[in-house]
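Numbering (the working numbering), first residue to last: 1 to 102.
Before any comments, here is the structure.
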């Protein structure tokens, strides 16, 4: 995607990213401190690497807690934050607005 074809993220997409990216960074740091540090530095500069963007997109998809499943069938809603299907879509839009392929 080139810069001319990017759609700016909505204010809601920005709010969702601001809420979820720190949660993702915290979880990532438990497993790969070096990757989390790089991603955090990029986030503070207002951008993410393509690899970090892919990881974030996969993470938010796997962490959706607001589903039609009951506790025995779906992901546990007891994580550090509530993530809805709409949140996932907003974060994916935000990543796409940054020029990443989701």
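Built from N, CA and C at the ideal position, the CB exists for glycine as well.
Owing to the predicted nature of the structure, the values given are computational and were not obtained by experimental measurement.
- In its chain, beyond the 5 residues on either side, 16 have a beta carbon closer than 6 Å to the beta carbon of residue 87.
- DSSP places residue 45 outside any alpha helix (DSSP H), giving it a letter other than H or E.
- Contact annotation, residue 93 with residue 13: C-beta distance approximately 5 Å; criterion of less than 8 Å satisfied.
- Bounds of the alpha helix (DSSP H) holding residue 13 are 11 to 31.
- Spanning the alpha carbons of residue 82 and residue 56 requires a straight line of approximately 16 Å.
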